[in-house]
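**Q**
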Amino acid sequence: EQSVVPLASSRPEKVKTVIRVHRLGNELSETLGGRDTHQQRLIPGGFSKIPSQDDLGELKEKLEKSIDDLKEIANLVKDKSSELSGFTRETEFISLTDDDGYAFYDGILASSDTGTEAVEDYEEYINEYIVPQSTAKFTKHNRESYMVGALARLNNNYEQLLPEAKEVAESFGLEPISHNPLMNNVAQLVESVHVVVDSINIIEKVLDKGLEPQGEYHVPDVEVKAGRGVGAIEAPRGILFHDYTYNENGECTGANCVIPTNQNHANIQKDFEKIVPEMMGEPEDEIEQRLKMLVRGYDPCISCSTHYIDVEFA
Numbered sequence: 006e007q008s009v010v011p012l013a014s015s016r017p018e019k020v021k022t023v024i025r026v027h028r029l030g031n032e033l034s035e036t037l038g039g040r041d042t043h044q045q046r047l048i049p050g051g052f053s054k055i056p057s058q059d060d061l062g063e064l065k066e067k068l069e070k071s072i073d074d075l076k077e078i079a080n081l082v083k084d085k086s087s088e089l090s091g092f093t094r095e096t097e098f099i100s101l102t103d104d105d106g107y108a109f110y111d112g113i114l115a116s117s118d119t120g121t122e123a124v125e126d127y128e129e130y131i132n133e134y135i136v137p138q139s140t141a142k143f144t145k146h147n148r149e150s151y152m153v154g155a156l157a158r159l160n161n162n163y164e165q166l167l168p169e170a171k172e173v174a175e176s177f178g179l180e181p182i183s184h185n186p187l188m189n190n191v192a193q194l195v196e197s198v199h200v201v202v203d204s205i206n207i208i209e210k211v212l213d214k215g216l217e218p219q220g221e222y223h224v225p226d227v228e229v230k231a232g233r234g235v236g237a238i239e240a241p242r243g244i245l246f247h248d249y250t251y252n253e254n255g256e257c258t259g260a261n262c263v264i265p266t267n268q269n270h271a272n273i274q275k276d277f278e279k280i281v282p283e284m285m286g287e288p289e290d291e292i293e294q295r296l297k298m299l300v301r302g303y304d305p306c307i308s309c310s311t312h313y314i315d316v317e318f319a
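According to my numbering, the sequence shown holds residues 6 to 319 in order.
1. Would you report the Cα separation of Asn31 and Asp41, rounded to the nearest angstrom?
2. Leaving out five residues on either side along the sequence, give the residues of the same chain with a beta carbon under 6 Å from the beta carbon of Ser204.
3. Under the rule that 16 or more other beta-carbon atoms within 10 Å means buried, what is Thr144, buried or exposed?
4. Measuring CB atoms only, is the region 181-198 touching the region 151-165, in the sense that at least three cross pairs come out at less than 8 Å?
5. Determine the direct distance from the alpha carbon of Leu166 to that of Glu196, and round the result to whole angstroms.
6. Count the other CB atoms within 10 Å of the CB of Ile99; is the residue buried (16 or more) or exposed (fewer)?
7. So which of Thr96, Asp126 and Leu75 has the shortest CA-CA distance to Asp248?
8. Would you tell me roughly how many angstroms separate the C-alpha atoms of Gln45 and Glu287, rounded to the nearest one?
9. Looking at C-beta atoms only, is the number of pairs between the region 69-78 and the region 228-239 that lie closer than 8 Å three or more?
10. Rounded to whole angstroms, what is the Cα-Cα separation between Ser86 and Arg25?
11. If you measure between the beta carbons of Tyr130 and Leu114, is that distance less than 8 Å?
12. Would you give the residue range spanned by the alpha helix (DSSP H) that Ser117 belongs to?
13. In whole angstroms, what is the alpha-carbon distance linking Cys306 and Glu239?
14. In terms of alpha-carbon separation, which member of Lys171, Glu278 and Ser15 lies closest to Val200?
15. Give the DSSP-derived three-state secondary structure of Gly39 in the structure shown.
16. Fully enclosed by the region 186-231, which alpha helix (DSSP H) runs are 4 residues long or longer?
17. By the 10 Å Cβ neighbour count, where 16 or more other Cβ atoms means buried, how is Asp276 classified, buried or exposed?
18. When you compare the CB positions of His184 and Arg94, do they come within less than 8 Å of one another, or not?
19. On the premise that Ile273 lies in contact with Leu300, defined as a C-beta separation below 8 Å, what is that separation, rounded to the nearest angstrom?
20. Starting from Glu172, follow the alpha helix (DSSP H) in both directions and report where the run begins and ends.
21. Is it right to say Glu110 is buried, meaning 16 or more other beta carbons lie within 10 angstroms of its own, or is it exposed?
22. What residue range is occupied by the uninterrupted alpha helix (DSSP H) comprising Gly302?
23. Report the CB separation of Arg242 from Thr266 in whole angstroms; it is logged as a contact under 8 Å.
24. Is any beta-carbon of chain B found at less than 8 Å from that of Asn31?
25. Quick one: Cα of His43 to Cα of Leu33, how far?
26. Which class does Glu69 belong to by DSSP, given the choice of helix, strand or coil?
27. Alpha carbon to alpha carbon, how far is Phe52 from Phe177?
28. Could you work out which residue in Gly62, Leu61, Gly38 and Lys65 is closest to Gln54 when comparing CA atoms only?
29. Helix or strand or just coil, what does DSSP make of His184?
30. Terminal residues of the continuous beta strand (DSSP E) containing Ile99?
31. Identify the continuous alpha helix (DSSP H) that holds Asp276 and give its terminal residues.
32. According to DSSP, is Ala260 helix, strand or coil?
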């Protein structure tokens, strides 16, 4: 199916399972961040408000129940796994890496080609450049393009996955280094298992230690001064760079944000340059569907996943 809508009629129980897991992700964000999108509780120095022990206990129970749902989703994807095979193109993978665990929030830059580098040196690492056909900047490092996202993280940090997540990866035959971009969604599923189990472990540690009492609103203590701050974090669709410069009045005088979708643009284009000749002679609707699958495999933003590709046949 090209949409989830027909699946709601043909396989309603499967759709309900997916929705249940999606809802849990929203509840996790609401409990910790105050709302399901654009969370407002994360502030310098911590949280403006922390969840209660009861909130965390309820969340832990829901996370534990979700493991069976994730296994069911894995089986559902495996039923269609043949549609994810048949295309590979060797490329470079860039992500964070961290000796202390599977890197999402901390670490240094890692390339499957060249090794590691400090986050502060990201500009020389990703080499943003302008192309005539796009308003978005493209990036490159050791090759003409590179890929970011779940597959990049898995390729660079596979050994740090929790055993439950590795088990799912092994069931798909997914191991480093995979050069099939369509396996990015499978890598996201593997990571979902990892973060659920990891979240359960974190909540257990917090509940065992106990939470310190906190007022209704925690006001951060921020000293205004001039300086520059550079950071990198793994968003679900790939590494995200933030770079800000402030003057002595606390005014932002320079900013650069490098989002994962932009970093993947060149890699998607190179994938197209390889896959299109391989599909010549196939039915037009199959070619169009395959190209859309390839783009959406990168998990671009909603507008890109909807409007990125408009296929015209000569």
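For every residue, glycine included, the Cβ atom is placed at its ideal position computed from N, Cα and C.
Please read these numbers as outputs of a predicted model, since none were measured by experiment.
**A** Taking the definition as stated:
1. 5 Å
2. Contacts found: Leu68.
3. buried
4. yes
5. 8 Å
6. Counting C-beta atoms within 10 angstroms of its own C-beta, Ile99 has 16 or more neighbours from the protein chains shown and is therefore classed as buried.
7. Cα-wise, what sits closest to Asp248 is Asp126.
8. 49 Å
9. No, they do not touch.
10. About 22 Å.
11. yes
12. Element bounds for Ser117: n/a, residue is neither H nor E.
13. 15 Å
14. Lys171
15. Under the three-state reduction of DSSP output, Gly39 falls in the coil class, being neither helix nor strand.
16. 189-214
17. Counting the other CB atoms within 10 Å of its CB gives Asp276 a total of 16 or more, which places it among the buried residues.
18. Yes, the pair counts as a contact, with Cβ atoms nearer than the cut-off.
19. The residue you asked about is not Leu; residue 300 is Val in the sequence shown. Yes, Val300 and Ile273 are in contact; Cβ-Cβ is about 6 Å, under 8 Å.
20. If you look at Glu172, you'll find it in the alpha helix (DSSP H) that goes Pro168 to Ser176.
21. It is worth fixing the name first, because residue 110 is Tyr in this sequence and not Glu. Classification of Tyr110: exposed, given that the 10 Å Cβ count is below 16.
22. Glu289 to Gly302
23. 7 Å
24. Absent from the structure: chain B. Only one protein chain is present.
25. 13 Å
26. helix
27. Going from the Cα of Phe52 to the Cα of Phe177 covers about 38 Å.
28. Contrary to the premise, residue 54 reads as Lys rather than Gln in this sequence. Nearest C-alpha to Lys54: Gly38.
29. coil
30. Boundaries of the beta strand (DSSP E) harbouring Ile99: Glu97 to Thr102, taken from the DSSP string.
31. Pro265 to Met284
32. strand
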